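First up is the structure itself, then whatever we jot down about it.
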Amino acid sequence: MMSPKRTRFRKAFKGRISGAAKGGTTLAFGAFGLKALEPERVSARQIEAARRAITRHMKRTGRVWIRLFPDVPVSSKPAEVRMGSGKGAPEFWVCRVKPGRIMFEIDGVPEPIAREAFALGAAKLPIKTRFISRSMTVGGA
0 MMSPKRTRFR KAFKGRISGA AKGGTTLAFG AFGLKALEPE RVSARQIEAA
50 RRAITRHMKR TGRVWIRLFP DVPVSSKPAE VRMGSGKGAP EFWVCRVKPG
100 RIMFEIDGVP EPIAREAFAL GAAKLPIKTR FISRSMTVGG A
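By numbering that gives the first Met the number 0, the letter at position 103 of the sequence shown is numbered 102, and the numbering carries on one by one without gaps.
Here you go:
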């Protein structure tokens with residue numbers, strides 16, 4: 000699973016995910032991509048599960064790029080602990096995803112296989128997504 004080697008602060012505020020993605024909205028590496036349509040926090044476990052589903056369907060041909068990185072620590076307190084006595088310990092890492100962000104890219108496989116692979120990968124993620132291809136972005140622009 001992905002996590003940062005080091006961070007400036009051990010614990011982070013929860014924050015809000017507002018607005019559209021500022022960067023990472025176009026295909027940069029592969030021919031096909033999976034674009035986020037909702038704002039949500041995606042955990043490192045969910046990213047890894049989606050990556051495994053995608054690569055397994057592609058039968059390890061082609062190449063997969065992960066365009067997300069979980070860099071926000073999420074802390075939680077143990078069950079049945081009274082209020083107070085500070086913030087809980089960091090439990091897992093998440094990535095704040097805004098609408099329009101390209102989350103995964105793949106190349107080296109035909110479109111039907113890419114579409115099915117992303118459908119399987121999107122089932123592992125907590126947000127609505129859309130399949131995009133380089134031909135769609137060039138023709139639509």
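No residue lacks a Cβ here, since even glycine has one placed at the ideal position from N, Cα and C.
These numbers come from a predicted model, not from an experiment.
- Going straight from the alpha carbon of A140 to that of R44, what length do you get? Locating residue 140 in the sequence shown gives position 141, counting from the first residue. Locating residue 44 in the sequence shown gives position 45, counting from the first residue. Because A140 carries a pLDDT of 49, less than 50, the predicted location of this residue cannot be relied on, and no value is offered for it.
- Task: Using 10 angstroms around the beta-carbon of S42, count the other beta-carbons present and answer buried if the total reaches 16, otherwise exposed.
- Result: For this step, residue 42 is matched to residue 43 along the sequence shown. Buried.
- Message: Check for me: the alpha helix (DSSP H) holding A35 runs from which residue to which?
- Response: Working through the sequence shown from its first residue, we reach residue 35 at position 36. Counting along the chain, A35 falls outside any alpha helix (DSSP H), though it belongs to the beta strand (DSSP E) covering 31-35.
- Query: Out of A88, R129, G32, G120, which has the shortest C-alpha to C-alpha gap to A143?
  - Reply: This structure gives no information on residue 143, because the portion of the chain shown stretches from 0 to 140.
- Item | Alpha carbon of K4 to alpha carbon of K86, nearest angstrom | Reading the sequence shown from its first residue, position 5 is the one you call residue 4. Reading the sequence shown from its first residue, position 87 is the one you call residue 86. K4 and K86: Cα-Cα distance of roughly 22 angstroms.
- Message: Does the structure place the segment 63-77 close enough to the segment 88-98 that three or more beta carbon pairs sit under 8 angstroms?
- Response: yes
- Distance, R100 Cα to G22 Cα: Position 23 of the sequence shown, counted from the first residue, corresponds to residue 22. Position 101 of the sequence shown, counted from the first residue, corresponds to residue 100. Looking at the two C-alpha atoms, the distance is approximately 7 angstroms.
- Query: What's the gap between the Cα of A30 and the Cα of T54?
  - Reply: In the sequence shown, the residue the question calls residue 30 occupies position 31. In the sequence shown, the residue the question calls residue 54 occupies position 55. Roughly 15 angstroms separates the two Cα atoms.
- Task: Go ahead and pull the three-state DSSP assignment for G82.
- Result: As a working note, residue 82 is residue 83 in the sequence shown. Sequence check: residue 82 is Met here, not Gly. In the three-state scheme derived from DSSP, where H, G and I count as helix and E and B as strand, M82 is classed as coil.
- Task: Could you tell me which residues DSSP puts in a beta bridge with S2?
- Result: Residue numbering aside, residue 2 sits at position 3 when the sequence shown is read from its first letter. Per DSSP, none; premise fails for S2.
- Ignoring anything shorter than 3 residues or poking outside the segment 15-66, list the beta strand (DSSP E) runs there in chain order. 31-35, 39-42, 62-65
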